[in-house]
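Chemist: One structure coming up, written as structure tokens, with questions to follow.
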Amino acid sequence: MIKDFGNGKKGEDVKIHSLSDVQTKAIGEHTTIWQYCVILEGARIGHNCNICSHCFIENDVVIGDRVTIKNGVYIFDSIYIEDDAFIGPNVTFTNDTYPKSQQGKPREVATYPRTTICKGATIGGGATILPGLTIGQGALIGAGTVVTKDVDPNTVVYGNIIKPRTDFDL
Ligand SMILES: CC(C)(COP(=O)(O)OP(=O)(O)OC[C@H]1O[C@@H](n2cnc3c(N)ncnc32)[C@H](O)[C@@H]1OP(=O)(O)O)[C@@H](O)C(=O)NCCC(=O)NCCS
């Protein structure tokens, strides 16, 4: 049985460990958030989710119902995860295709392409999902895979191929 951590409760039977900083109030019932998570004010999280320790969830993030987020996952703006998805440990999400440090420049409001992890999809541990992709309903991404293209529903993909790129100016 999961104990009631007794602080920061947002709704019916929401359990938030006292070692986490959870700013959103949009958390569905029976969801549990374990230690050392930081969840920002704009995030929306469904019911019966399990968010394991050491996760970060930014503002423009929507997580459906019955979603499992394993340890050490950072979910940045513009990433949407539908019902019953499973996100393995240390999955890396990205939202900016050509990132550059903005230090010393006026801050711009960033817009990012939306990434969607569709209903019931599973992302294996340590996979990297490039920005703006859709992982189809029920798809399975193998551990450690770098996903560079949309994945069709109910499809298994895995593995990596590195390619030298000579036609690109940084
Ligand atoms: C992709 C996956 C579902 C395939 O499972 P499987 O069908 O049992 O695969 P097998 O172990 O029979 O391997 C089949 C082949 O694929 C390769 N392979 C399997 N998973 C791979 C992966 N993630 N990346 C690269 N190659 C992989 C194997 O090396 C093997 O290659 P070979 O035929 O040349 O020997 C599984 O390996 C996987 O990655 N599951 C996710 C695990 C995970 O992250 N869980 C998170 C919760 S802890």
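To convert, note that position 130 of the sequence shown is 140 in the working numbering; the numbers rise steadily by one, no gaps.
Built from N, CA and C at the ideal position, the CB exists for glycine as well.
1) For ligand 1, any of its heavy atoms closer than 6 Å to the Cβ of residue 90?
2) For residue 101, which residues from the same chain have a beta carbon less than 6 Å from its beta carbon, with the 5 sequence-adjacent residues on both sides left out?
3) Quick one: grab the DSSP three-state call for residue 60.
4) Quick one: give me the first and last residue of the beta strand (DSSP E) that residue 171 is part of.
5) Roughly how many angstroms lie between the CA atoms of residue 16 and residue 85, to the nearest whole one?
6) Taking buried to mean at least 16 other C-beta atoms within 10 Å of its own C-beta, is residue 32 buried or exposed?
7) Tell me the rounded alpha-carbon separation between residue 80 and residue 97.
8) Out of 147, 155, 126, state which residue places its alpha-carbon closest to the alpha-carbon of residue 141.
9) What three-state label does DSSP hand residue 150 in the structure shown?
10) Can you give the beta carbon distance from residue 78 to residue 60, rounded, assuming they're within the 8 Å contact cut?
11) Shortest alpha-carbon distance to residue 184 belongs to which of 128, 153, 152?
12) Assuming residue 130 and residue 95 make a contact with CB atoms under 8 Å, what is their CB distance in whole Å?
13) Report the residue from 91, 90, 57, 156 whose alpha carbon sits nearest the alpha carbon of residue 75.
14) Helix, strand or coil for residue 176 per DSSP?
15) What residue range is occupied by the uninterrupted beta strand (DSSP E) comprising residue 122?
Modeler: Quick look at the numbers:
1) no
2) 83, 133, 137
3) strand
4) First-last for residue 171: undefined, no H or E at that position.
5) Caution is warranted here: a pLDDT of 48 is assigned to residue 16, below 50, making its placement in the model unreliable, and the coordinate value is therefore given only provisionally. Roughly 26 Å separates the two Cα atoms.
6) buried
7) 6 Å
8) For residue 141, the nearest C-alpha among the options comes from 126.
9) In the structure shown, residue 150 falls within a strand segment according to DSSP collapsed to helix, strand and coil.
10) 5 Å
11) Lying outside 11 to 180, the shown extent of the chain, residue 184 is not represented and no answer is given.
12) 7 Å
13) Restricting attention to 91, 90, 57, 156, the CA atom closest to the CA of residue 75 is found in 57.
14) coil
15) Here residue 122 belongs to no beta strand (DSSP E), and DSSP marks it neither H nor E.
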